[in-house]
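There are 2 protein chains.
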Amino acid sequence: MARKKQYNEEEVIEKATALFWRNGYEATTVRMLEKEMGINQFSIYSSFGNKQGVFLESINAYKKRIRSITDKLSKSNNGKEGIKQYFYDFLEFAKEDDKNRGCLVTNTVNEIKEDGDPVIMEQLMDFANDIKQLFVDNLLQEKGNTVEEAARQSNYLMNSLLGLSVSSKVFDQSQLNDTIEFTFLNI
Amino acid sequence: MARKKQYNEEEVIEKATALFWRNGYEATTVRMLEKEMGINQFSIYSSFGNKQGVFLESINAYKKRIRSITDKLSKSNNGKEGIKQYFYDFLEFAKEDDKNRGCLVTNTVNEIKEDGDPVIMEQLMDFANDIKQLFVDNLLQEKGNTVEEAARQSNYLMNSLLGLSVSSKVFDQSQLNDTIEFTFLNI
DNA sequence: TATATTTCTAAGCAAATGCTTAGTTTAGGT
DNA sequence: ACCTAAACTAAGCATTTGCTTAGAAATATA
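One line per chain: the protein sequences are H and Y, in this order.
Just so you know, we're using UniProt numbering here: the first sequence kicks off at 1 and counts up by one.
Just so you know, we're using UniProt numbering here: the second sequence kicks off at 1 and counts up by one.
Shown next, in the form of structure tokens:
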């Protein structure tokens, strides 16, 4: 046949994911991807088509990684306590060394503008809605909670989580802890 | 002496502000600024030095505009109700046509990375801290509230506000209203 | 070993970026 | 009316962007 690939696609995508997470989509150049992934531009384009292709694969890799905590939430039957734990788990998940990168998906939603790529936008929306649905499921475990009430609470909680994704880049851990505790005080 | 400027610097900065607000800092090119401000690149550079100079002036213009609602908050003596009103005022302030642009400052904090311009970063941090201080002041109007408690509550509220700056781009008004009402339920 | 097929290297492309500059137009003081 | 200093126009600069391509290197099969 022919020559073998000298890299593992999953491995190099993991590295790309880290770069996009740290840096955002637009600010990450193909030259930076080259260095971080450790492969040539030709290999990048032959494996993933284009920069957007690398990013979409990175989103998938991110989803796969975050599944460890979303799975935990979907299996939880502890009502709002399970969701609170998810908030703490998320902060831990988003931490790199001593600094926090926020959520890759939220970061991208924030970055992509109205003229942003619709393919990417849809991916991101689906992701956010999946998490919101998990919130609803868990909120309905609280006895006496109606579907309407759970929906409203999930909006509130998603807002807090989005806020946390931003706050975590700026504030310190104790401030974030206060915020989480307060968030769950009155639901 | 010499020829007179054919444009008003305040006016063209207003237009630049709108563009940065819609589009973010990096995504806004000097060519776009030319068109939006209605003046030539030479004029841009001679009046404001460089792209960053235009942006810093835009931040100032933004601060001046948002002062209408921060002033209202600083004059309020209605405790947490005054802050809640600020949240609603902010949503109205950030609206353009039927869509929401979020907060220019929050957008930029989200966009600027670790290697981002320190001058801009400091401007943005100062702005966020000013608002947080306003929260503390108003929270202390609630009788029996300690300074420590007010500080913790202000972290929580700032997190909600940051979340709202993101949420407002994605969710509809009724969802945002639910979120605000919930946010103020238990403080 | 020879061949076919894929992967690799590295050079290069057009377009876009922030910024500059050469040269023209305008206007106020003499 | 003339001159000087500022403001204009538009062309152009080097660099960076995402992406391509020509050609060399490697490897499974014949």
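All C-beta atoms in this analysis are idealised placements derived from N, C-alpha and C, irrespective of residue type, glycine included.
- Under the Cβ distance rule, H:GLN175 counts among the residues neighbouring chain Y, one pair being separated by less than 9 angstroms.
- At a cut-off of 9 angstroms between C-beta atoms, Y:VAL109 counts as an interface residue with respect to chain H.
- No Cβ of chain H is located within less than 9 angstroms of the beta carbon of Y:ARG31.
- A distance below 9 angstroms separates the beta carbons of Y:LEU73 and Y:ASN138.
- Here H:LYS95 is bridged, per DSSP, to H:ASN100.
- Its Cα nearest to that of Y:ALA16, the residue Y:LYS51 stands out among Y:LYS113, Y:ILE83, Y:LYS51 and Y:LYS4.
- Just so you know, the alpha carbons of H:LYS99 and H:LYS169 end up roughly 7 angstroms apart.
- Annotation note: the segment 17-94 of chain H contains no uninterrupted beta strand (DSSP E) run of length 3 or greater.
- The beta carbon of H:ALA128 sits closer than 9 angstroms to some beta carbon of chain Y.
- Counting only unbroken stretches of 4 or more residues, the alpha helix (DSSP H) elements lying wholly within the segment 112-144 of chain H are 118-139, in sequence order.
- Annotation: H:LYS35 to Y:SER68 spans about 48 angstroms, alpha carbon to alpha carbon.
- Three or more beta-carbon pairs separated by less than 8 angstroms link the segment 158-166 of chain H to the segment 82-96 of chain H, which places the two stretches in contact.
- Interface flag for Y:VAL136 against chain H is unset, since no Cβ pair is found closer than 9 angstroms.
- Residue range 173-183 is occupied by the alpha helix (DSSP H) that includes H:PHE182.
- Per the C-alpha coordinates, the member of H:THR70, H:MET125, H:ASN77 and H:LEU104 positioned closest to H:TYR88 is H:THR70.
- For H:LEU91, no Cβ of chain Y is located within less than 9 angstroms of the residue's own Cβ.
- Under the 10 Å beta carbon count, Y:VAL109 is surrounded by 16 or more other beta carbons and is classified as buried.
- Distance between H:ARG152 and Y:ILE180, taken at the CA atoms: about 11 angstroms.
- The segment 112-132 of chain H makes no contact with the segment 140-159 of chain Y; the number of CB pairs closer than 8 angstroms stays below 3.
- For Y:GLN153, the enclosing alpha helix (DSSP H) covers residues 147-170.
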